[in-house]
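Enquirer:
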Amino acid sequence: MSDATPDDIAHHSRRRDADKYDVRLAKGTYPPTEEMLNAPIDPETAKAQADRLREVWDDPPGWRYWSAVNNSEVGVWYSMTAFGFMLIAGGLALVMRLQLAVPDNDLISAERFNQFFTMHGSAMMFLFAVPMFEAVSILLLPAFLGARDMPFPRLSAYGYWAFLIGGIFVMGSLLFGVGPEGGWFMYPPLTTLDEGVGPDIWLLGLSFIEVASIAAAVELIVGTIKCRPPGMRINLMPLYAWYVLVVGAMILFAFPPLIAGDFLFEMQRSFDWPFFDPERGGDPLLWQHLFWIFGHPEVYIIFLPSIAVAAMVVPAAAQRPMVGYNWIVLSAVGTGFLSFGLWVHHMFTTGLPSISLGFFSAASEAVVIPTGVQLFAFVATLMAGRVKMILPMLWIAGALAIFTAGGLTGVMVALAPFDWQAHDSYFVVAHLHYTLFGGMVFPLIGGIYFFYPFIRKQKMSDRLGRISFWLTFTGFNICFLPMHLTGLLGMPRRVYTYPAGVGWDTLNMISTLGSFVVAAGILVFAWDLVRPKGKLMEERNPWNAGSLMWAHDIPDQFWGVRSIPYVTSRNPLWDQPGIVERMDAGGYYLPDAQEGLRETIITSAIDARPQLVARVTGPAWVTVWAAVFTGGAFIFPTFHWYPPAVVCAVLAVGCVCYWLWTSTALIPEAPEKDVGLGLTLPTYVSGPSAPGWWGVFITMLGDMTAFASLVFGMFFYWTADADFPPPLAEHASGAWVLASALLFTAGWAATRAARKLNRLERIGQARAALGGGAALGISGAAALIASVMGLDPTSHVYPAMLWALAVWTAVHTLGGVIMQLYCLAGSIWGKVLPHYDAPVWNTCLYWHFLLITALVSALLVGVVPGVL
Amino acid sequence: MRPSDCRVRVSPGAPTLKSLTPAGCAGRPRRAVFALVAPALLAACGGPQSALDTAGSDAATLSHLFYVMLAGAVVLWLAMNGLMLWVWRIDPRPMPPRYARRLIFAGGIVFPTVVLAALLSWGLSIMPDQRAPGDGLRVEVTGEQWWFRVHYWPEGATEPVRSANEIVLPVGSRSEITLEADQVIHSFWLPSLAGKTDMIPGRTNRMSMEPTEPGEFRGQCAEFCGDSHAWMAFTAKTMMPEEFDAWLAAETGPAAQPEGALAEAGREAFMAQGCGGCHAIRGTPARGRVGPDLTHLASRLSLAAGALPMTRAALVRWIEDPAAVKPGAKMPAYDHLAPDTIEAMAAYLEGLE
Amino acid sequence: MPTRPVEDLPRHRNLFLMVAAPTIWAVHFVAAYATTAIWCEKVGADTAGLTWLVTGYTVAAEALIAWFGVSMWRQWDYMDDQDYIHDGATDEDRREFLGHAGFMLACLSFVAVIFTTMPVWLIGSCA
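Protein chains in written order, with numbering that gives the first Met the number 0: chain A, 0 to 867; chain B, 0 to 352; chain C, 0 to 126.
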């Protein structure tokens, strides 16, 4: 099959299992013919279309502006909020530097210093670096992909509000002097023994933000694989999209272990289940494992998106396509994988066997290879092009200079024996700031200078940008270069002061001076960012870059793109002459919004063949309320106020259900519509072609990772402790465990049957199966709880672990049951019909994962202890 | 800064510790590369807590490793950034993409694979030596909030020699260090002799050290352990074997009797105030095991786990209000006592050589 | 451009096959780590058996990676036209692109697995 000749698209889309999915297929011609692409467009029609589109996509007026969900609005709020948190966290650092400027200083107390360094790290990681990636990607990704919006705009908005509430809560604790003070790594037992609310604030506040991050990751992955414009095959994706895909997947596998860890941690804090208490069989090292399984990929989660920004700036500076596109894809994917084999290098000094440390040393060195490829690809592109001296490139060059230094010290500390000296000393402080400033802050600021004309339709000042760069660059090196030596002279991290005469005085003073120069540079940048800039730009593409983004409209239109183009190149603006004019004229896909609905095109994952017109959600307050109540559900337990927490949780679930009910998988007015260029696409699909199904699938992959972390915990206790399970321990009741496994299996079978029966129009039976499935699920969870009912989880970590598995499964069952009841209600009130059944497919998918969770839990609770 | 006579927390016993003069630095340049890159550092890498100013075989190996890596890193950094500067500023004419791709392959794949494999082999192969079993003395160190409990187990001993906050090791033999923790995680780090190892509640970790020259050093807790993490330090002495044996014999013995009326009064006050409930002074009724053993307190180089110098003024200051020196310190304040009493107690303790 | 027709099969548009080799690296890594943890905790200090076991994993993993590498090399089909850029909007470019990236990932994984095995050869002690 060649793409040279246009053909009947249905032929392509038809698949072996088409009947199974009941699929409405795309019809008509695809790819479009030259003739179609050159057909004249009636300006009158185009104007009417544009007016309708504009009305549909416009932001709500007045104060209702804050109910907007457009990626262009949410992305800006998100990034400005993250930037604000960065300034606060940077301010904390300045106070710490003042405290450390001279020995024996008492500018701030030890307690306050500890709160400050804890929040400096936590905020920079959780409130700045990761959210900033999500924010920038939400803002830019649709533009790179020529999409109208993200696939789930309300989910972005929900994620943003959750982030804002959680961030204010965690940061605000500092004002009351009750901030967390156990370090951003929150190692128990120090933090489990802490009697204040600090650790709870940290755990619950940040868990809440982690949930928001995972939501964003799900959306970005689905956005990248399903929302590309027709024709943008996987080998033509902008490199930024590749990085988003890799980083999204990494978040999905890195954050859940921390959430599982938080769950165990909070169970210990709230109910005294001794997961990390060595007196009762627990082990503080389990937390370290779970934390760093998250924590090291996290570093790359921060670094890769910034390199992605660089990967968009470098070709524009070199005025040629990236040399070694394939190499960069290799390096992004390779780094993504290898970064999961590094976590123990944060634990080199914990006394693990040398061979075990060796594995992580080896992986830590191996990851240098793909990282090096990445950097060399940039240099190679600059070599092969004629470099334009644009300001963003200056920041990228500074980033490379700093990052290579951080990378080279990274090679040093990756070597376990050297790390025995460097670990937890100022050497590591220097190393990590070199990697994060070079790998994140510099490319980010360069990126903002680069993308600002797209975001605000104005240019930032070249002069201020240069001043800011040189201040930041020199200040950074003055501050952090000496720290390498300070560390090797023996200064440990996280000390609120130090004695004179050990040789650290001068070095610390220099670092403090440097830190204020950095601050000056960042402030110049901040001023340039927010100052009024007068008129809009004249030209759309100030850098003469090649990506679709620069086809944007000036002044801004909220529709994203006027029409969704057909793409045949990595740099469409360079290689497809006339594409911008034709997009503007509405000469590509979906130029209209006759039905008054927000729509975007969903395409196939690899070859980007059009599959569906997705109706995306519009402005709403319910997302804000959902975030507020979710916040309550996380924040009230901090103060051990459980009843309001439960009320909030119920309200949050209610809000989410309302939002899904009223705006997703709506039954369309017609099963398909003409999207232009001779193509007709379905308006509703269920199962694996639907973005919602992908959303559930990807979320559940993350959920499985969290569950796998609990399973890892169980085996960890077994390997680490000769007495696990304790020889005389009571075990779970086998009969109840067996009953639970059977009930869950039956519940799953009922759910599956409901999907089939509904398709076969045996509505009554389908409803019975859904209701029955819910009852079976509840009974299964009850049976699992009953099996551990006789065990005291506070007595030893073994019963606590069984309880944790049972509770975990029960909570997930609750989710499954709510979904079944949602489908049941949908069937009764006409939201689910035999051939409009996306919710049933999604519920079924969820239940597949639930069944795995339930059966594995049953196995671990009932069978494995007998075998160990 | 707070003005106070003994607030000046100089490195404990600063006059006796290895001085900060450059002469002590690493001492033994090994390679030509080292001589090339190190001069700037040479002037500044000394100090009682320096990982570059070594007096033990393990730390020496690691410092050697560091200098070699540093030399490589400097060369690579200059090459990479020089190349950037070249293509961007000095000669920006486009080169054929073919060369650019070769650069990616050679610089990104071949070169790092080879260099990293070599470096990794070297690094891994020195690990077993660093953790080699000891051949004589065993020292058991327990991390407390915020001090170090130290028990010496000479070969064949059935009872340990109890001490605190100071590690004394013989030169020329490899001593085994056993590491435990009481409540929270700490990390034991004596940079001049070896790398660090964590002390984790519920686990027993081990490491070993082989001092190669006599001297006095400072070590510190490297894992954040709460409010006074900054003041959880210790001093260390390495001695020639015969000197060490003499020291150990003295350390094993009971405490010195108070000399003079003031010290005698101090001893009585010490016992009357119930200090013995927490502290032990061998040869007296004080047998507490909660706090540091004070039997030979005055022979140590510092007071309060490296926080204060070993002077009478510092002792007074400490007894009056420990938490003012070390935030969160568990020892209660005795500022309700008459200054004379405290002075006397300090005089008694000062005599516990 | 294309010199001989190649049928475009489902496996040629499978992203998961592209990342099969690094997945094998991950499995090998976890297996080596878990085996070492259990061996040092439950079996004892003599690591000769452990060395053989992990080396065995390595041989198996490298064989699999090599197999995937060869299949990716074929999919890349470099020898037909010496093309390694793959920026066209055709099935062939997409297929060869995935082959090329998959092949390079296999090479990287091959090296990474060797790196991961070095500790058992060079350290050989549970200390």
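Cβ coordinates follow ideal geometry from the N, Cα and C atoms, glycine included.
Bear in mind that the values here come from a model prediction, so they are computed numbers and not experimental data.
1) Can you give the beta carbon distance from S708(A) to P152(A), rounded, assuming they're within the 8 Å contact cut?
2) Compare the C-beta of I368(A) with all C-beta atoms of chain C and state if any pair is closer than 8 Å.
3) Can you give the Cα-Cα distance for R27(B) and V29(C), rounded to whole angstroms?
4) Excluding the 5 residues preceding and the 5 following R455(A) in the sequence, name in chain order all residues of the same chain whose CB lies nearer than 8 Å to its CB.
5) Can you confirm whether the stretch 65-79 of chain C touches the stretch 299-313 of chain A when touching is taken to mean that 3 or more C-beta pairs between the two stretches lie within less than 8 Å?
6) Quick one: give me the first and last residue of the alpha helix (DSSP H) that W188(B) is part of.
7) Does the beta-carbon of W430(A) have 16 or more other beta-carbons within 10 angstroms, so that it is buried, or is it exposed?
8) Which residues, taken in chain order from the stretch 332-362 of chain A, show a beta carbon closer than 9 Å to some beta carbon of chain C?
9) Should P391(A) be labelled buried (16 or more other beta-carbon atoms within 10 Å of its own) or exposed?
10) Output yes or no for whether 8 Å exceeds the beta carbon distance between R766(A) and S685(A).
11) Taking Cβ positions only, does V53(C) come closer than 8 Å to chain B?
12) Within the 8 Å Cβ cut-off, does V110(C) reach chain B?
13) Decide yes or no for the touch test of the stretch 59-73 of chain B against the stretch 492-504 of chain A: beta carbon pairs closer than 8 Å, at least 3 of them.
14) I think F453(A) touches A146(A), with their Cβ atoms under 8 Å apart; what is that distance to the nearest whole Å?
15) If you measure from the beta carbon of F375(A) to each beta carbon in chain B, is any gap under 8 Å?
16) Can you say whether V529(A) is buried or exposed, counting buried as having 16 or more other CB atoms within 10 angstroms of its CB?
17) Using a C-beta to C-beta distance shorter than 8 Å, which residues of chain A count as neighbours of L14(C)?
18) Please compile the residues from chain C whose C-beta is within a distance smaller than 8 Å of the C-beta of P127(B).
19) Between the stretch 359-376 of chain A and the stretch 100-112 of chain B, are three or more C-beta pairs nearer than 8 Å?
20) With H, G and I counted as helix, E and B as strand and the rest as coil, what does DSSP make of S108(A)?
21) Can you tell which of L293(B), A279(B), T294(B) has its C-alpha closest to the C-alpha of G287(B)?
22) In whole angstroms, what is the alpha-carbon distance linking T434(A) and K830(A)?
23) Which residue or residues does DSSP assign as beta-bridge partners of C220(B)?
24) Taking G204(A) and F168(A) to be in contact with their CB atoms under 8 Å, please state how far apart those CB atoms are, rounded to whole angstroms.
25) Report the option in I200(A), I600(A), S353(A) whose CA atom is closest to the CA atom of L121(C).
26) Report back the beta-carbon spacing between W56(A) and W549(A) to the nearest angstrom; my notes put them in contact at under 8 Å.
27) Among residues of its own chain, excluding the 5 on either side of P618(A), which ones have a beta-carbon nearer than 6 Å to its beta-carbon?
28) Considering just the uninterrupted stretch of the beta strand (DSSP E) at Y29(A), what are its terminal residues?
29) Ordered along the chain, which non-local residues of its own chain (more than five positions away) have a Cβ less than 8 Å from that of A383(A)?
30) Going by beta-carbon coordinates alone, are H344(A) and G294(A) separated by less than 8 Å?
31) Can P190(B) and S49(B) be called in contact, C-beta distance under 8 Å?
32) If you draw a straight line from the C-alpha of A415(A) to the C-alpha of H63(B), how long is it?
33) Rounded to a whole number of angstroms, what is the C-alpha to C-alpha distance between C39(C) and V860(A)?
34) When the Cα of H150(B) is compared with those of E250(B), A346(B), A264(B), which residue comes out closest?
35) Would you decide whether H639(A) is buried or exposed? Buried here means 16 or more other CB atoms lie within 10 Å of its CB.
36) Sorted by chain position, which residues of the same chain lie with C-beta nearer than 6 Å to G437(A)'s C-beta, five sequence neighbours on each side aside?
Expert: If we stick to the structure as given:
1) Not really, about 31 Å apart at Cβ, beyond 8 Å.
2) yes
3) At R27(B) the pLDDT is 42, less than 50, meaning the model places this residue with poor confidence; the figure from the coordinates comes in the next sentence. When rounded, the distance between both Cα atoms is 42 Å.
4) K532
5) no
6) No alpha helix (DSSP H) holds W188(B); the beta strand (DSSP E) holding it covers 185-188.
7) Residue identity differs from the one stated: residue 430(A) is His in this sequence, not Trp. Classification for H430(A): buried.
8) V332, G333, G335, F336, L337, F339, G340, V343, L351, P352, S353, I354, S355, L356, G357, F358, F359, S360, A361, A362
9) buried
10) no
11) no
12) yes
13) no
14) That pair is no contact at about 15 Å.
15) yes
16) exposed
17) I233, A604, I605
18) I122, G123, S124, A126
19) yes
20) coil
21) A279(B)
22) 51 Å
23) F187(B)
24) 5 Å
25) S353(A)
26) Their Cβ separation, rounded to whole angstroms, is 20 Å, which puts W56(A) and W549(A) out of contact at 8 Å.
27) P59, S66, A67, V68
28) 26-29
29) A317, R319, V322
30) no
31) yes
32) 15 Å
33) 26 Å
34) E250(B)
35) exposed
36) A398, I401, F402, G405
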